[in-house]
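Data block below; observations after.
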Amino acid sequence: MTTKTPNLECRMYEAKYPEVDMAVMIQAKSTADEVAYVSLLEYNNTEGMIQKTELSRRFIRRSINSLIKVGKIEPLIVLSVDKERGYINLTKRKGKVTEEDIQTCEERYNKSKLVHSIMRHVAETLSLDLEDLYVNIGWPLYRKYGHAFEAFKVLVTDPDSVLGSLTREIKEVGPDGQEVTKVVPAVTQQVKEALVKHIRRRMTQQPMKIRAYIELTCFHLDGVVHIKVVKPVLIGSSIISFFFSHTCLLFQEAMRKAEAAGNDDCPVKIKLVASPLYVLTTHTLDKDQGIKILDEAIVACTETIKEHGGKLVVKEAPRAVSERDDNLDNEEISGDEESEEEEDTGMGDVDINGGAA
């Protein structure tokens, strides 16, 4: 006996075709003399076309390959849709595709892509047709929540409130031999468990790292003792490293200001990278809050160092960084440290960058 292979291909939205003037995400597939062919990624790679005149508002005699790159993914605007023949015409001309269109399309597509990945994983795991899963779960959630992504966010903590109200109709033969329609829950226990498990794994919010770089300099005669790092000091549940001051009052003032900036949910750390460069970091679930707290910490440091004739320069404003960004920076810093060791042992007092040591 052969087992039926489930269909794992399906468009992301209930509508088979996009609406005119809608921004859609495409991938360029091929080009001809006067037209480019693209795939509409949100509509199960339905083919669309771009006339050469819709690639630029200027009349260009160059080949179409100079106007669109095969393989590139980008938002375009739908000019027309022939649903009977399946023809979709698009444009990428400036003025017709606005920055707002691009941003809206990218945000929607990123959410839809995540939803689609989760739905496809569940369908593949349970050997279900992906379109059936969309018909019973995905598209009803799009209708109810505006986007299934919003429903999935609620589902992480309260799956019953999201899935409990979904129903589907089935046909059964009654005792009298007549076919009857019954309304049953749309989500079986098996599907619910698989869906909830995968959504929680993919969508549970993880703390993000917020980072900023600052340069501290002090031209005061005793500036060398103004900018030193002392052992970490415990404040509540947070450890914050501070710059040493030759006066107790200055140190206490910096401590008070930093304590007001950091909190248990968003602890702040400051450490030396390579004098005069320092890095400020925090981990938080709320990016805006993390950026705000680091901004406040920078203001506190600025006020403190200025009182003694010093200067603080923000080399990189607070921003969220990925693990990849952080690893790359760490590699660069490690490389710098190795270069300094080589300079000290092999080059004497000569600056390898060409300046005075």
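So the sequence shown is residues 1 to 357, counted in full-length UniProt numbering.
All C-beta atoms, glycine included, are put in the ideal place defined by N, C-alpha and C.
Asked, Found
"Whole-number beta carbon distance between residue 208 and residue 320, since they are thought to touch under 8 Å", "5 Å"
"As assigned by DSSP and simplified to three states, the class of residue 10", "coil"
"Closest residue to residue 75 among 295, 212, 26 and 149 (Cα-Cα distance)", "26"
"Cβ-based burial, residue 18 [other Cβ within 10 Å; buried from 16]", "buried"
"Per-residue DSSP class, three states only, for residue 160", "helix"
"Own chain residues within Cβ distance below 6 Å of residue 180, not counting five before or after", "172 and 174"
"Cβ pair residue 315, residue 214 closer than 9 Å", "yes"
"Reference residue 216; option with closest CA among 273, 189 and 103", "273"
"The stretch 154 to 165 touching the stretch 83 to 99, judged by at least three CB pairs closer than 8 Å", "no"
"First and last residue of the uninterrupted beta strand (DSSP E) at residue 113", "Note, residue 113: premise wrong, no beta strand (DSSP E); alpha helix (DSSP H) at 99 to 126."
"Top-ranked residue by Cα proximity to residue 110, from 147, 31 and 53", "147"
"Per-residue burial, residue 11 [other beta carbons within 10 Å of its own, 16 or more giving buried]", "buried"
"Stretch pair the stretch 296 to 310 + the stretch 185 to 200: three plus CB contacts closer than 8 Å", "no"
"Reduced DSSP category for residue 19 - H, G, I as helix; E, B as strand; rest coil", "coil"
"Residue 193 - containing alpha helix (DSSP H), residue span", "189 to 203"
"Beta-carbon contacts of residue 120 that lie in its chain and below 7 Å, excluding the five residues immediately before and after", "8 and 130"
"Own chain, CB closer than 8 Å to residue 20, minus 5 neighbours either side, in chain order", "78, 79, 80 and 81"
"Close-in-space but distant-in-sequence residues of the same chain around residue 298 (CB under 8 Å, 5 per side omitted)", "212, 214, 280, 312, 314 and 318"
"Paired residues, beta bridge with residue 145 - DSSP", "For residue 145, which the question treats as bridged, DSSP gives no partner whatsoever."
"When 86, 164 and 93 are compared against residue 53, the one with the closest alpha-carbon", "93"
"Uninterrupted beta strand (DSSP E) stretches inside the stretch 268 to 317 (no shorter than 3 residues)", "269 to 274 and 277 to 284"
"Euclidean distance between Cα positions of residue 104 and residue 262", "34 Å"
"Beta-ladder partner(s) of residue 212, from DSSP", "280"
"Nearest candidate by alpha-carbon position, reference residue 142, set 126, 275 and 116", "116"
"CA-to-CA distance, residue 282 to residue 83, given in whole angstroms", "52 Å"
"Bridge-paired residues (DSSP) for residue 53", "Paired residues: none, contrary to the question."
"Own chain, CB closer than 7 Å to residue 44, minus 5 neighbours either side, in chain order", "9, 10 and 11"
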